[in-house]
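Everything on this sheet refers to the single structure shown next.
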Amino acid sequence: MDTIPGVKIIRIILLVGAIFFGISAFALMIFPEGFIELLGLEANESLVWAMMLIAVTLIALTGNMAMVSISASQFGVRIAGWTMMLAAFGLGAFSLLIPTEYNWFNLSCAGVGFAFSIAYFSQLVRSLSGRS
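For the sequence shown, this note's numbering begins at 199 and goes up steadily by one.
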């Protein structure tokens, strides 16, 4: 049972994030050219290969996030939360830095990244303050 405020919600955010990344990873593995085009970039062999490599990495991240959400100690959940807060913020920021014009897809990626970052941050602050 989680006794530190916010930890239970961080577990839920990690699990939702794992599901989101898992679905994204398999879609990216199957349709890398589609993702590249949605981002507003031109697909080439190197970029397709890089996207598939990112998909493999996302599959590993998915498993780790799910396992932490299910079985880690409260301390482990909070450490994973800080890590994912920074990673999600990075996803949002780098989605805005893609060397192409903004479109609905790259802005959506940025929004999802920032939303997860804010969700983690709010619960991490709550876990530090001791508020229930």
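The beta carbon of each residue, even a glycine, is placed where N, CA and C say it ideally should be. Predicted model, so just to flag it, every value in this text is computed and none were measured.
Item, Value
"Beta-carbon contacts of Phe331 that lie in its chain and below 7 angstroms, excluding the five residues immediately before and after", "For residue 331 there is no data in the structure shown, the boundaries of the chain being 199 and 330."
"Limits of the unbroken alpha helix (DSSP H) element including Leu319", "The question names Leu, but residue 319 is Phe in the sequence shown. Looking at the DSSP string, the run of the alpha helix (DSSP H) that includes Phe319 is Trp302 to Ser327."
"Member of Ile277, Leu294 and Ala285 whose CA lies at the smallest distance from the CA of Phe219", "Ala285"
"Reduced DSSP category for Ala248 - H, G, I as helix; E, B as strand; rest coil", "helix"
"Cβ-based neighbour list, Val266, same chain, cut-off 7 angstroms, excluding 5 preceding and 5 following", "Leu212, Gly274, Val275 and Ala278"
"Inter-residue spacing [alpha-carbon to alpha-carbon] between Glu235 and Val214", "26 angstroms"
"Coarse secondary structure for Thr298, derived from DSSP in three states", "coil"
"Alpha helix (DSSP H) segment containing Ser271, residue limits", "Ser271 -> no alpha helix (DSSP H), and no H or E assigned at all."
"The segment 310-317 contacting the segment 288-297, beta-carbon criterion three pairs below 8 angstroms", "yes"
"Simplified DSSP state of Ala285, which is helix, strand or coil", "helix"
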